[in-house]
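These notes are about the structure you will find just below.
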Amino acid sequence: MLKTKYLFFLLLFFLSFWVFVSVDKSHAQEDTNMVPSPTPQVQNTVEYELPYPGLLPDNPLYFLKVIRDRVVSFLISDPKKKAEFNLLQADKRLNAGLYLFNSAKSGTVQNPTKENEKKINLAISTISKAENYFFEAILEINKAKTQGIDITNLAGRLLTSSEKHQEIIISLEKRSKGNIKESLMGERKRTESFEKQVREILLGK
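Here it is in C-alpha cells:
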C-alpha cells in the first residue's frame with residue numbers, strides 16, 4: 706500500500722513538473738520586462754536577494770506549482786533539506802506577493818478599485834503563506850539541531866531572510882491603510898517573532 710502511494714506521488718510529481726516547467730519558462734520570459742525585481746519602492750538595506758517567484762497565484766495554472774511543491778516537500782525526509790526547501794518557498798511567495806501588490810492596476814493602494822483590491826488581498830494571502838513556510842522552516846531547523854546536524858549557516862540565512870521579510874512588509878505597510886495595513890502589520894509581527902526565534906537558535910537556547 707505504501708509502495709503504491711509513493712509511486713502515485715512520483716507519477717503525479719513528474720507529470721506536474723513537466724507541464725509546470727514548460728509553462729513557467731514561457732511565463733518568466735513574458736514577465737521579465739513587466740515587473741522589476743525586487744521593486745523600485747523597496748530600499749535594499751538588507752543584502753538578501755529574493756528568488757524569482759515563477760508563476761503567480763493569479764495564474765490559472767498556479768495549482769500545478771502548488772501540487773509540485775507539496776509532492777517535493779512530502780518526499781524530503783532530511784530536516785535540514787526540508788528547512789532549506791521551506792525557506793526557498795517562503796522567499797518565493799514573499800516575492801510573489803510583492804509582484805502582485807505592485808502589479809495592481811493604477812498603482813493606487815490608497816484608493817483601490819475592486820480589481821485592485823482583489824489583487825492586493827491575494828498579495829496579502831500569498832505573503833501570509835510565505836510566513837507559514839518560514840515557520841515550517843524554523844520547526845525543521847530545530848528538528849535538525851536536535852539530531853546533531855550543523856545548521857549554523859542555514860540559521861544565518863534564515864535570520865537575514867527574516868530581516869528582509871520585515872523590510873518588504875514594512876515598505877508595503879507605508880503604502881497602505883485600513884484593513885490592508887492591519888493585515889500587513891500582523892504579518893510583520895509574525896516575522897519579528899521569527900527573527901527572535903532564529904536568534905535564539907543561533908545562540909543555542
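The numbering used here puts the first residue of the sequence shown at 706, with every later residue one more than the last.
Every residue, glycine too, gets a C-beta built ideally from N, C-alpha and C.
Spatial distance of residue i from residue j (CA atoms)
i       : j       : result
Ile-854 : Lys-819 : 49 angstroms
Asp-736 : Thr-851 : At Asp-736, the pLDDT of 37 sits below 50, so the modelled position is not reliable; the number obtained from the coordinates is stated separately. Taking the straight line from one Cα to the other gives about 42 angstroms.
Leu-766 : Arg-798 : 16 angstroms
Leu-859 : Asp-774 : 20 angstroms
Ser-911 : Leu-793 : A question about residue 911 goes unanswered here, because the residues of the chain that appear run from 706 up to 910.
Tyr-804 : Val-776 : 25 angstroms
Ala-809 : Asn-821 : 5 angstroms
Lys-785 : Val-903 : 14 angstroms
Ile-875 : Thr-831 : 16 angstroms
Cβ-based burial, residue i [other Cβ within 10 Å; buried from 16]
i       : result
Glu-752 : exposed
Ser-782 : exposed
Thr-857 : exposed
Asn-807 : buried
Asn-791 : buried
Cβ of residue i within 8 angstroms of any chain B Cβ
i       : result
Glu-878 : In the displayed structure, chain B is absent; only one protein chain is listed.
Test item: CB-CB of residue i and residue j under 8 angstroms
i       : j       : result
Pro-762 : Leu-827 : yes
Leu-863 : Ala-842 : yes
Ala-788 : Ala-849 : yes
Glu-878 : Arg-895 : no
Glu-897 : Gln-871 : yes
Anticipated Cβ contact below 8 angstroms, residue i with residue j, distance rounded
i       : j       : result
Phe-899 : Phe-839 : 6 angstroms
Asp-796 : Leu-844 : Not confirmed; about 17 angstroms, so no contact.
Alpha helix (DSSP H) segments (min. 4 residues) lying fully within the stretch 775–850
Runs found: 784–807.
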